[in-house]
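Scroll down for the structure; my scribbles are underneath it.
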Amino acid sequence: LLGATKTNAFLNGVLETRPPEWRRVQHLFLSQGGQKERTSPEVLRTIFLHVGLTLRTLTTLLPHDLVNRTNVVFYPLPCLEELTMHGNFFDPYQGDQEGMQESFPCLKYLHFLSACNTALLFIPRAPALTHLRLSSVWTIPDELYTCLAQALDPSAPTPATGEQITQLSTSF
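Counting in our numbering, the final residue of the sequence shown is number 398, and the numbers go up one at a time with none missing.
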């Protein structure tokens with residue numbers, strides 16, 4: 227869905243006019259593109275509530291104030307296998323974790339573009355994760371190294387600062 231017009235039409239003309247059994251969306255790509263009209267966060271929230279239970283892949287290139295990486299962990303997405311998100315997020319999530327999904331049981335592929343701090347919210351909640359891709363990332367926080375080391379080997383000791391890259395490269 228490219229831009230607010232198509233996103234609104236999808237919600238109003240497809241999702242809300244059909245019975246729930248006909249709302250089985252498995253793949254969703256959201257982008258603002260070159261559109262000047264912004265998609266309403268409420269419209270996006272309603273779309274996620276309609277399609278969340280059947281969604282298998284989600285790619286969003288929307289600005290982070292519309293679909294924030296931390297917001298995604300609040301939607302029930304039990305079948306989600308692949309998640310790609312773009313955005314400049316350099317501050318780790320500091321908010322209340324109540325209401326977040328305990329698990330993304332089917333999530334296998336996780337791809338973040340531009341920043342990776344919020345990977346910390348997804349990696350521990352994704353027991354089936356097999357692929358983590360970080361693109362155009364300039365810094366990786368120490369917490370992410372620790373989180374990755376624990377995901378690769380839960381019995382591994384927590385690496386000390388400066389040992390993260392060596393520790394991870396020998397774990398593969």
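In this text, a Cβ means the ideal position worked out from N, Cα and C, and glycines have one as well.
Keep in mind the model is a prediction, meaning the values are calculated, not measured.
Inter-residue Cα distance where the pair is residue i and residue j
| i | j | result |
| --- | --- | --- |
| Thr231 | Lys262 | 10 Å |
| Arg244 | Thr233 | 16 Å |
| Leu378 | Lys334 | 14 Å |
| Leu227 | Ala235 | 9 Å |
Within 9 Å, strictly: CB atoms of residue i and residue j
| i | j | result |
| --- | --- | --- |
| Gln258 | Arg249 | no |
| Leu355 | Leu370 | no |
| Met311 | Thr272 | no |
| Leu306 | Phe330 | yes |
| Leu309 | Phe348 | yes |
| Ala352 | Cys373 | no |
| Gly278 | Leu303 | yes |
Neighbourhood of residue i by C-beta, 6 Å cutoff - its chain only, sequence neighbours within 5 removed
| i | result |
| --- | --- |
| Phe255 | Thr285 |
| Phe274 | Tyr301 |
Sequence-distant residues of the same chain with beta carbon closer than 7 Å to residue i, five excluded per side
| i | result |
| --- | --- |
| Ser185 | With the chain represented from 227 up to 398, any question about residue 185 goes unanswered, as that position is not in the structure. |
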